[in-house]
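Asks:
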Amino acid sequence: GLILWPGSKRSVKDGAEAKRICDEARAGGARSVGVFVSECAAEVVAVCEAAGADLAQLHGDGARAALPELLSARERGEHQLGLVYVVSAREDGSVVTEMPSDEQAAQLEYLLVDGVNPGSGESFDWDAFEPPRAASLTRGGWLLAGGLAPSNVATAASSARPDGVDVASGTADDSGVRKDHEKVRAFVDNARAAVAA
């Protein structure tokens, strides 16, 4: 995933660099995800198309508000982006973000559940968490984020039983910006071990 919202310290601000990352992901058999916070539908589509991103992750209120227009534009054939709708859960596992309608959820690739302060490394109670109804309606299920790291991803995946996991700060190097390759490798290995168990 690439953070394409310019307000983040992890943002990929150079369009050529974003395209290179998306191209490398595709060459490796992965889909690329552009992360947005406050952009309107037209901005989300334009940035994803320029970068070659396959999915758009709607992480903030502004980007989530663009969901109806993104779905309508896709239905009209104006783009083919997969859409990931992000909701936040409090420490006790209760969801605090407005959910998409059932009709909208059925058109999403995933519902992603993050902590209340995305990107902060804060988690929530995975044992108490119950995936919202919308998670069962999406094409791919739901993804868990929020405070995940190599040291806890296996426990989180075993407790919450998501269809996938998402990580940012938990695999960052000391700068908090770049990825630490050893942490990424350990995260993937531990997540796979949890699925295999």
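Per my numbering: the sequence shown = residues 21 to 217. Even glycine gets a Cβ: it sits at the ideal position worked out from N, Cα and C. Keep in mind that this is a model prediction, so the values were computed, not measured.
Roughly how many angstroms separate the alpha carbons of A36 and D209, rounded to a whole number?
Replies: Straight-line measurement puts the Cα of D209 at about 31 Å from the Cα of A36.
Asks: Can you tell me which of the three DSSP states S156 falls into?
Replies: helix
Asks: With DSSP as the reference, identify every bridge partner of L199, one or two as the case may be.
Replies: In the sequence on display, residue 199 carries Lys and not Leu. In the DSSP output, where bridge partners are listed per residue, K199 has A192.
Asks: Hey, out of G49, L24, E44, whose CA is closest to E59's CA?
Replies: L24
Asks: Tell me where the alpha helix (DSSP H) around D6 begins and ends.
Replies: It is not possible to answer for residue 6, since the shown part of the chain is limited to 21 through 217.
Asks: To which residues does DSSP link G113 through a beta bridge?
Replies: G113 is not bridged to any residue.
Asks: Can you tell me which of the three DSSP states V104 falls into?
Replies: strand
Asks: Check whether the Cβ atoms of A61 and A93 sit closer than 8 Å, and answer yes or no.
Replies: yes
Asks: Using only alpha-carbon positions, find the residue among S121, E63, L163, G190 that is nearest to E142.
Replies: G190
Asks: Just mark G21 as buried or exposed, buried being the case when its beta carbon has 16 or more other beta carbons within 10 Å.
Replies: Buried: at least 16 other Cβ atoms inside 10 Å.
Asks: What would DSSP say about V57, mapped onto helix, strand or coil?
Replies: coil
Asks: Count the other CB atoms, across all protein chains shown, that sit within 10 Å of the CB of E202; report buried if there are 16 or more and exposed otherwise.
Replies: exposed
Asks: Using DSSP with H/G/I as helix, E/B as strand and the rest coil, what is A217?
Replies: If DSSP states are grouped into helix, strand and coil, A217 belongs with coil.
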